[in-house]
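When we follow the numbering used here, the leftmost residue of the sequence shown carries the number 3, and every step to the right adds one. A quick write-up on the structure given underneath.
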Amino acid sequence: MSQDRPRVVIAGAGFGGLEAAKALRAAAADVIVIDQQNHHCFQPLLYQVATAALSPADVAWPIRRILRKQSNATVLMAEIRGIDTSKRLVHTDSVTVAYDFLVLATGATHSYFGHDEWAEVAPGLKRIEDATRIRRRILIAFERAELAADDAERARLLTFVIIGAGATGVEMAGAIAEIARRTLAMDFRRIDPKASRIILIEAGPRVMPILPENLSAYVQRTLRQKGVEVLTSTRVVGCDSRGVDLEGGRIDAATIIWAAGVVASPAARWLDAEQDRAGRVKVGPDLSVSGHPEVFAIGDTAAAMGPAGEGIQAIPGIAPAAKQMGRYVGRLIAARIAGARISPQPFRYRHQGDLATIGRRAAVVKLGRLELKGFLGWLFWSVIHVFFLIEIRDRFVVAFIWLWDYITFQRGARLITRVPPQDRS
Ligand SMILES: Cc1cc2nc3c(=O)[nH]c(=O)nc-3n(C[C@H](O)[C@H](O)[C@H](O)COP(=O)(O)OP(=O)(O)OC[C@H]3O[C@@H](n4cnc5c(N)ncnc54)[C@H](O)[C@@H]3O)c2cc1C
């Protein structure tokens, strides 16, 4: 690292942070990427790890390896705890790092709407550890049901509740239904996995509200065909280790999965900056933080607006948006380091579309006017997701696994590893 070159610190090596780092590859700067994990996680396929279709290493890659050829980039594994904007320092759990430019890309996490105590019994899906924990809970529920002595307990163990019917909730519900009705159908002697109840609960009036009504209705119909009970306009008012309380009743369930809400990382607090209701840092048209032209927030941790007058509202918290923001900020910083004096063009978000899969041979795709569903949608979804995996090896591996699972109905990663005390219910 040089003493004279400007130092760009990138906090978080998710979709946004990595893209910012790559955009600085030719800049005369030292780029320091800090992440609390040693790996970048491809979150759109995490539910496949949680439902035993893929293994963790198929959807996550060491950050060091991704950036190994970028000689101006250094990777530090450390947890950011605070920022001193007056001294331009990032404080972590182990080192303090000085910056000339700072890019905050620390993402978001689950929000339990003021009920953080639900987190233990209703884990959300964000990191590899969450996925393996949920996988363990799902598989253990079947094992315990095989051992259960009474019918009520067996029924509780074979009830899976997913809270929140956005893309993640829908994908989880569809995949658990397939595990129960197909993958495990022949594997047990004392229980019939096909008798499992998979219940998807949504507080709003329809599933996947981001989609137009016809596609949302298709998703709901397909879920029902796969044996998922869909409860819309239904509010969860309590979660405990034995089930969920609804406004109008209770469901006994051994497995509860939270897919209902997100809150930004504490970046706004670190900066003492203005934030929106989801805790995201409010940023200007060039994604910089008010009063700090050298500090930027991007991706899920930023509240950025689309260009005024074009009917575009808040930029959504999805991977393409984070990548576009990362690329924009990386290029902007590189231009400033190279001495550019003109004001930058404001960031313009290009929405590429929405897609989600409901399981085997069923997905929805909305790209502008193009709408695909069913097998075609599923094929498109599969190709897109394989294409965006980082390692070429994993593209082949994942494509092969999906093909194999498609033919055999199997899920190869059905391993129950360590069982922590809280999962021994
Ligand atoms: C289960 C799931 C499924 C999804 N499916 C889709 C999908 O199908 N399509 C889609 O477009 N989007 C999807 N998304 C959303 C998408 O993954 C996010 O919008 C995207 O990851 C945001 O990128 P980011 O760079 O802002 O944050 P992230 O990718 O979340 O990266 C944040 C990084 O910051 C690090 N970090 C956080 N806090 C700290 C700290 N204090 N110190 C150091 N490092 C820290 C984290 O370890 C992480 O590596 C999904 C998200 C989830 C959780």
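In this text, a Cβ means the ideal position worked out from N, Cα and C, and glycines have one as well. Since the model is a prediction, treat every value here as computed from it, not as a measurement.
Can you tell me the Cβ-Cβ gap for arginine 413 and threonine 170, rounded? I've got them flagged as a contact below 8 Å. Separation of the CB atoms of arginine 413 and threonine 170 is rounded to 18 Å, and the pair is thereby denied contact status at 8 Å.
In chain order, each beta strand (DSSP E) run of at least 3 residues that lies wholly inside the stretch 58 to 103: With a minimum length of 3 residues, the continuous beta strand (DSSP E) runs that stay inside the stretch 58 to 103 are 62 to 64, 75 to 79, 82 to 86, 91 to 94 and 98 to 100.
Would you kindly report the start and end of the unbroken beta strand (DSSP E) that includes arginine 252? That run of the beta strand (DSSP E) goes 251 to 254.
Report the rounded CA-to-CA distance for proline 207 versus lysine 375, giving the unit in angstroms. The straight-line gap from Cα to Cα measures roughly 21 Å.
Just grab the DSSP bridge partners of serine 267 for me. Note: serine 267 sits in no beta bridge, so no partner.
CB contact flag (glutamate 155, isoleucine 201, <8 Å): In this structure, isoleucine 201 does not lie closer than 8 Å to glutamate 155 by Cβ.
If distances are taken between C-alpha atoms only, which option among Gly308, Ala340, Val92 and Ile165 comes closest to tyrosine 114? Nearest to tyrosine 114 by alpha-carbon distance, out of Gly308, Ala340, Val92 and Ile165, is Ile165.
Let me check one thing: in DSSP terms, what residues is tryptophan 120 bridge-paired to? Residue pairing for tryptophan 120: DSSP places it in no beta bridge.
Could you tell me if the beta carbon of alanine 321 falls within a distance shorter than 7 Å of some heavy atom in ligand 1? Yes, since a heavy atom of ligand 1 falls inside the 7 Å radius drawn around the Cβ of alanine 321.
What are the start and end residues of each continuous alpha helix (DSSP H) run of 4 or more residues lying completely inside the stretch 310 to 352, in chain order? Fully enclosed alpha helix (DSSP H) runs of 4 or longer: 321 to 339.
From the DSSP secondary-structure annotation, give me the bridge partner or partners of methionine 307. DSSP lists Ala316 as partners of methionine 307.
Check whether leucine 372 and glutamine 354 have beta carbons under 8 Å apart: Taking 8 Å as the Cβ cut-off, leucine 372 and glutamine 354 do not qualify as a contacting pair.
Is arginine 199 helix, strand or coil by DSSP? If DSSP states are grouped into helix, strand and coil, arginine 199 belongs with the strands.
With a CB to CB cut of under 6 Å and the five nearest residues on each side skipped, what residues in its chain are close to isoleucine 193? Cβ neighbours of isoleucine 193 beyond the five flanking positions: Ala147 and Glu148.
Contacting residues, own chain, Cβ-Cβ under 7 Å from isoleucine 178 (five flanking each side not counted): Counting only Cβ-Cβ distances below 7 Å, and skipping sequence neighbours, we find Thr53, Ile140, Phe162 and Ile200.
Output yes or no for whether 8 Å exceeds the beta carbon distance between aspartate 277 and valine 285. Reading off the sequence, residue 277 comes out as glutamine, not aspartate. Their beta carbons are not under 8 Å apart, which means glutamine 277 does not touch valine 285 by this criterion.
Pull up the CB-CB distance for valine 92 and valine 99, whole angstroms please, since I reckon it's below 8 Å. Yes, they are in contact, since the Cβ atoms of valine 92 and valine 99 sit about 5 Å apart, within 8 Å.
Alpha carbon of isoleucine 136 to alpha carbon of valine 265, nearest angstrom: About 20 Å.
Quick one: Cα of glycine 240 to Cα of glycine 116, how far? Straight-line Cα distance between these residues: approximately 12 Å.
Within 10 Å of its beta-carbon, does leucine 410 have 16 or more other beta-carbons around it, so buried, or fewer, so exposed? The sequence as given places threonine at residue 410; leucine does not occur at that position. Classification of threonine 410: exposed, given that the 10 Å Cβ count is below 16.
Report the option in Val97, Gly319 and Arg158 whose CA atom is closest to the CA atom of glycine 281. Among Val97, Gly319 and Arg158, the Cα nearest to that of glycine 281 belongs to Gly319.
Could you pull out every residue in the same chain whose Cβ sits closer than 7 Å to the Cβ of arginine 416, ignoring the five residues on either side in sequence? Ala54 and Leu141.
Continuous alpha helix (DSSP H) stretch holding glycine 180: start and end: At residue 180 the sequence reads glutamate, which differs from the glycine that was named. From DSSP, the alpha helix (DSSP H) with glutamate 180 extends over 169 to 180.
Given that a residue counts as buried once 16 or more other Cβ atoms are within 10 Å of its Cβ, and exposed if not, what is glycine 311? With a pLDDT of 45 at glycine 311, under the threshold of 50, the predicted position of this residue should be treated as unreliable, though the coordinate-derived value follows. Here glycine 311 is exposed. Its C-beta has fewer than 16 other C-beta atoms within 10 Å.
Cβ separation of proline 8 and alanine 25, assumed to be a contact under 8 Å, to the nearest whole Å: The pair is not a contact, with the Cβ atoms about 15 Å apart (cut-off 8 Å).
Using only the alpha-carbon positions, how far apart do threonine 234 and threonine 111 sit? Cα-Cα distance, rounded: 24 Å.
Cβ-Cβ separation, valine 221 to valine 447 (assumed contact under 8 Å), whole Å: Residue 447 lies beyond the range of the chain shown here (3 to 427); nothing can be said about it.
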